[in-house]
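Inspection log for the structure reproduced underneath, given as structure tokens.
There are 2 protein chains.
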Amino acid sequence: MNDTFKALADPTRRQIIRLLKERDMSAGEIADHFSMTKPSISHHLNILKHAKLVLDERKGQSILYSLNTTVVQDVMGWFFEIIGGKTEEEGSKHE
Amino acid sequence: MNDTFKALADPTRRQIIRLLKERDMSAGEIADHFSMTKPSISHHLNILKHAKLVLDERKGQSILYSLNTTVVQDVMGWFFEIIGGKTEEEGSKHE
DNA sequence: TAGATTATTAGATAACTCTCTAAATATCTA
DNA sequence: TAGATATTTAGAGAGTTATCTAATAATCTA
């Protein structure tokens, strides 16, 4: 879980996630959306991959990246736990 | 939003959030839950405060910290956007 | 197989983060 | 006001991260 949160702590990586939400993309296509070298994007993709937030699959010369919604949902579970245990306003402490 | 994600990227800070989910606590009480010096905890509290994830209020000699659920919900919105825009599967793509 | 294309790995560096000790600030109480 | 308690600020050191250029690896095509 720590790797996941750390992966999400960078704006470039969050933008990559938003791009992959729209459609699967190759590493090069992703890099085209940023003013940053391809090796830098590759570094970010590796962190996202290690956190299991994205999946990769070679397709010929390209490597196609896609969003792993399962792990995104796991992170949301963490937040639900926080909000869920707190939404009961102070005063009534029923379950 | 970036400050918020960065604040969440540290396990100590996420643990503080989980503590404050249970009840409001003073800085000293929070520090008692960790094997770390008070200045270090103070540093983490400051980052959480700057990210508006927690609120602080002086109560005599102590400073009472509480969770700001509004911002936690904002972060959840980010995730909803990701999952929400993805779960409605476009056509029937790869399986 | 040679050359082109796509992407990653290696290595360096600047910037940032976490943690500590020591010192300072704010508040309460006798 | 002096001393005790609670917390933060300042400054430093070790470790981590983001980014770059150069080199390497994998795949396709003629």
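In the order they appear, the protein sequences are chains R and A.
Straight run, no breaks: the first sequence in numbering that gives the first Met the number 0 ends on number 94.
Straight run, no breaks: the second sequence in numbering that gives the first Met the number 0 ends on number 94.
Glycine included, each C-beta is placed from N, C-alpha and C at the ideal position.
This one's a predicted model, so the numbers in the text were calculated from it and none came from an experiment.
With 8 Å set as the bound, which would you pick, yes or no: does the beta-carbon of residue i sit closer than that to a beta-carbon of chain R?
| i | result |
| --- | --- |
| A:Pro38 | no |
| A:Ile29 | no |
| A:Gln14 | no |
| A:Met24 | no |
When we look at the beta-carbon of residue i and count the other beta-carbons within 10 Å, is it buried (16 or more) or exposed?
| i | result |
| --- | --- |
| R:Arg12 | buried |
| R:Glu24 | Here residue 24 of chain R turns out to be Met, not Glu, going by the sequence shown. Flag for R:Met24 reads buried. |
| R:Thr3 | buried |
| A:Phe79 | exposed |
| R:Asn1 | exposed |
For residue i and chain A, any beta-carbon pair shorter than 8 Å?
| i | result |
| --- | --- |
| R:Thr69 | no |
| R:Val53 | no |
| R:Met47 | The identity of residue 47 of chain R in the sequence shown is Leu, whereas the question assumes Met. Output row for R:Leu47: interface = no. |
| R:Lys20 | yes |
| R:Lys5 | yes |
| R:Ile95 | As displayed, chain R neither begins before 0 nor continues past 94, which places residue 95 of chain R out of reach and without an answer. |
| R:Phe33 | no |
| R:Ala8 | yes |
| R:Gln72 | yes |
Nearest by alpha-carbon distance to residue i: which of the options is it?
| i | options | result |
| --- | --- | --- |
| A:Arg22 | A:Thr36, A:Phe4, A:Asn67 and A:Ser41 | A:Asn67 |
| R:Val71 | R:His32, R:Gly83 and R:Ile16 | R:Ile16 |
| R:Lys5 | R:Ser65, R:Lys48 and R:Ser61 | R:Lys48 |
| A:Lys37 | A:Val74, A:Gly27 and A:Ile62 | A:Gly27 |
| A:Tyr64 | A:Asp73, A:Lys51, A:Val74 and A:Gly76 | A:Lys51 |
| R:Leu98 | R:Met0, R:Ser39 and R:Leu44 | Outside the shown range of chain R, which is 0 to 94, sits residue 98 of chain R, and nothing can be said about it. |
| A:Thr69 | R:Ser61, R:Ile81, R:Ala30 and R:Gly59 | R:Ile81 |
| R:His32 | R:Gln14, R:Asp55, R:Ile46 and R:Leu54 | R:Gln14 |
Have a look at the DSSP bridge pairing and note the partners of residue i.
| i | result |
| --- | --- |
| A:Val53 | A:Leu66 |
| A:Ser61 | A:Lys58 |
| A:Ser34 | Note: A:Ser34 sits in no beta bridge, so no partner. |
| R:Ser25 | R:Leu63 |
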